[in-house]
Amino acid sequence: MNSIINKMYQNNTVIYKVFLFLFTTIAVVYLFPKGGHFKYDFNNGQLWKYDNLYAPFDYAIRKTDEEIKSEIKEIKSNTKPYFLYDSEIEKQVLSDFEERISSIDADSLGSKKISKIGQQVILKIFKTGFLDKVKQAEVLNKKEIVAVRKGNEVEDRNIKSILDSEKVEEIIENSLYKYSNLYEYEYLLNALLKTIRPNIVYDEDFTSKIIENDVKNISYTKGKIEAGKLIISKGDIVEGKKLAMLNSLKSESESQVWTDSNYNWIFFGYTILVSLALLMLLLFLKKYKSEIFDDNTKVTFIFFNVLSIIFVQTLVIEYNSEYLYIVPLCILPIVLRTFFDIGIGLFTHLLTVLLLGYIAPNSFEFIYLHIIAGIVSILTVSKLYRRADLFISAIQITITYMVTYFAFSVINEGNVSQIKWTYFMLFVVNGLLSFLAVILIYIYEKVFGLVSDITLLELSNTNTKLLRELNEKAPGTFQHSVQVANISEAVANELNANSMLVRTGALYHDIGKMLCPLYFIENQLTGVNPHNDLSPIDSSKIIIDHVIKGVELAKKHRLPDRIIDFIRTHHGTSTTYYFYMKEKELNSETPIDLKKFRYKGPNPFSKETAILMMCDASEAASKSLKKPSAQSISKLVDKVVDRQISENQFLNSNITFREVEIIKKVIKTKLMNIYHLRVEYPK
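Just so we're aligned, residue 1115 is where the sequence shown starts under our numbering, counting upward by one.
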């Protein structure tokens, strides 16, 4: 049991990568749409590039969404509005009228006579039907024939035959004109006008039910295709009825493929596709970016970004595929390029787009657009030193999307009349959303402990608090650091390494010296050397400790780990040779423990940290030259670098002998420029 636990502990990084691989694979497969996939790819207006296609089974031709919408619209426009003849209103109006009449003086007016006349007028109006004038005007704007429902009976009527308020007033006046008694006429007219109200009302619920019922009865098919019938021949144009038959076959095939019996097989197929893509990513990192592959945090960061992009894109496709191009996939290569290099950014982007192309409509168009846009984003955002760089890149990405989509539309449709101009707005939104990369970069720096070019640019400013403090407490060390930074940057540019990272690391590599600056010769302005009062072992310990104290100081000021790496490795496991030889002279007969004169390391483990070690040692050694010349500088640089190679300082730094020779050449050139001779001015 203990042996198993020990093996697991020894291989914990491998176990973690396996777990990460499996988790990401399952998550991506889970996000994929749960449906079959049609094996033919086609678009309206394109040539059929496959062999003759025959119907594999009987199936119905489905109507398009536009056809169904058109039928629904036609149903709504042709359905008659239904009105309800409300008999309760008739009873209520008669009751209100009787109540009003009963209040008059029976002697002064013939209340019975008036009541009878009023009832006759009300019944006459209600028999014809009384509809509110506003509602009548609304119906007349749409159609004239309406259905009036009285109990279980429905009668079609012309809306003009139903009385409105003006016609009702006219009927009342005509019915009462024969009364010579003015007081009686006015009283009866006033009573009728105040009690009468519409008895025909719009039945919105019933009308909606009729429409819903008709919509439910719509047929979603328009014909049937028998098995074995030719659907389309090779070279035919996909359009009209052929397009409808192909779309119907696609829908029917996908629904038949995704059945309970086939679910496990399709899930297995999805898993293989996703696993292959993620495995290729891991193999790429292991073969070409081993320093990243060995760092589980960085591998997790890459997989997290891939999973996040797939998650967002699948959500949009599931919600509405019309918004397919609103997702800024170019954020992925921009972010990865910011923290790593072009190779990782492009390779990861390609694999992610390939995975999404399997579930996106018009997959070839989708893949082509995003691959081209991804390449443009990587090439234009080579360095993110300014916000303007991302702004310019976003414009170029948007233009690339627009031009590429325009070309595809012209090829597919044969003209520009069928172009979806709304896509151009989506591309503009896509470009604007690319600016989220700045926010994501900041968040990722904090969460994953990574460092971007923007952060490096800020840290390389010599007005930062830590560098100002170094300049004040150890001015000689500060000047040395600036010189090393300039030389290292020139070397990194020559080797296509990360020059901004090297420069920033060089500026901070000796910050540990500010805690005891006078023990380092570049800061001994008075000529007093405190090492004269110390033993070689104690002096060596002080010199070696500047690395440890520098790491502690960097962590205290929250410098990124990638910058701290330069502090830890700039002396590797080399020795304080001067004090070692001095101790040897003083105790020639006593065995000397070399560990007391050796830096703790580790050795440089990247091209950038190796560059700093060579530049730092060469620049420091050049100060010992009393009369620097091209020949003496060249010999000195060769001696310093060759000694580091002989001590195996660069075994882990992935650097070649050819690159070492280039580094030597650049260092020699820069040092000769520093120590160049001037013309002697006359006294």
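For glycine and all other residues, C-beta sits at the position ideal for the given N, C-alpha and C.
Which word fits residue i, buried or exposed, when buried means at least 16 other C-beta atoms lie within 10 angstroms of its C-beta?
i, result
"Arg1772", "exposed"
"Glu1287", "exposed"
"Ser1209", "exposed"
"Ser1732", "buried"
"Ala1220", "With a pLDDT of only 45 at Ala1220, under 50, the local geometry of the prediction cannot be trusted, and no value is derived from it."
"Lys1131", "buried"
"Val1616", "buried"
"Leu1399", "buried"
"Met1539", "exposed"
"Val1517", "exposed"
"Ser1294", "Residue placement at Ser1294 cannot be trusted, given a pLDDT of 48 that sits under 50; what the coordinates show is reported in the next sentence. The residue in question, Ser1294, is exposed, as its Cβ has fewer than 16 Cβ neighbours within 10 Å."
"Ser1222", "The pLDDT assigned to Ser1222 is 48, lower than 50, so where the model puts this residue is not dependable; a value taken from the coordinates is nonetheless given after this. Classification for Ser1222: exposed."
"Trp1730", "The amino acid occupying residue 1730 in the given sequence is Asp; Trp does not appear at that position. Asp1730 comes out buried."
"Val1751", "buried"
"Trp1162", "buried"
"Gly1807", "The question about residue 1807 has no answer, for the chain in this structure spans 1115 to 1797."
"Met1177", "It is Lys, not Met, that sits at residue 1177 in the sequence shown. Burial call: buried."
"Ala1599", "buried"
"Arg1798", "This structure leaves residue 1798 out entirely; the chain is present only between 1115 and 1797."
"Gly1626", "buried"
"Tyr1515", "buried"
"Ala1474", "buried"
"Arg1582", "exposed"
"Lys1782", "buried"
"Pro1170", "exposed"
Run through the DSSP bridge pairs and tell me what residue i is partnered with.
i, result
"Tyr1168", "Leu1344"
"Val1260", "Arg1271"
"Arg1176", "Thr1335"
"Phe1244", "Leu1277"
"Pro1351", "In the sequence as displayed, the identity of residue 1351 is Ile instead of Pro. Bridge partners of Ile1351: Leu1161."
"Leu1198", "Arg1263, Val1315"
Between which two residues does the alpha helix (DSSP H) containing residue i stretch?
i, result
"Leu1208", "1201-1215"
"Tyr1482", "1477-1494"
"Tyr1097", "The displayed coordinates of the chain run from 1115 to 1797. Any statement about residue 1097 would go beyond what the structure contains."
"Ile1087", "In this structure the chain extends from 1115 to 1797, so residue 1087 is not present and cannot be described."
"Tyr1130", "1126-1145"
"Ile1776", "1771-1788"
"Gln1638", "Per DSSP, Gln1638 belongs to no alpha helix (DSSP H) and is neither H nor E."
"Asp1409", "Element bounds for Asp1409: n/a, residue is neither H nor E."
"Ile1456", "1456-1471"
"Lys1740", "That residue, Lys1740, is in no alpha helix (DSSP H); it is neither H nor E in DSSP."
"Gly1619", "1613-1622"
"Phe1764", "Careful: Phe1764 lies outside any alpha helix (DSSP H) and carries neither H nor E."
"Thr1453", "Checking the sequence shown, residue 1453 turns out to be Phe, not Thr. 1445-1453 is the extent of the alpha helix (DSSP H) around Phe1453."
Between residue i and residue j, is the Cβ-Cβ spacing less than 9 Å?
i, j, result
"Val1441", "Ala1551", "no"
"Tyr1316", "Tyr1199", "no"
"Ile1424", "Val1413", "no"
"Lys1778", "Met1727", "no"
"Leu1564", "Met1628", "no"
"Tyr1173", "Ile1346", "no"
"Tyr1439", "Leu1470", "no"
"Ile1681", "Gly1619", "yes"
"Val1495", "Val1780", "no"
"Lys1721", "Asn1768", "yes"
"Ala1305", "Ile1215", "yes"
"Val1268", "Gly1243", "no"
"Lys1356", "Asp1350", "yes"
"Ile1186", "Gly1337", "no"
"Lys1247", "Ile1273", "no"
Confirm the yes/no value for this check: CB of residue i, any heavy atom of the ligand MN, distance under 8 Å.
i, result
"Lys1355", "Because no ligand of any kind appears in the structure shown, any question about the ligand MN cannot be addressed here."
In chain order, which continuous runs of the alpha helix (DSSP H) of length 4 or greater are located wholly inside the stretch 1667-1737? 1675-1683, 1691-1700, 1721-1736
Can you list, in chain order, the stretches of the alpha helix (DSSP H) that have 4 or more residues and sit fully within the stretch 1264-1349? Qualifying alpha helix (DSSP H) stretches, in chain order: 1279-1290, 1296-1309, 1318-1330.
Mind listing, in chain order, the continuous alpha helix (DSSP H) runs of no fewer than 4 residues lying wholly within the stretch 1528-1590? 1536-1547, 1550-1562, 1567-1573, 1579-1587
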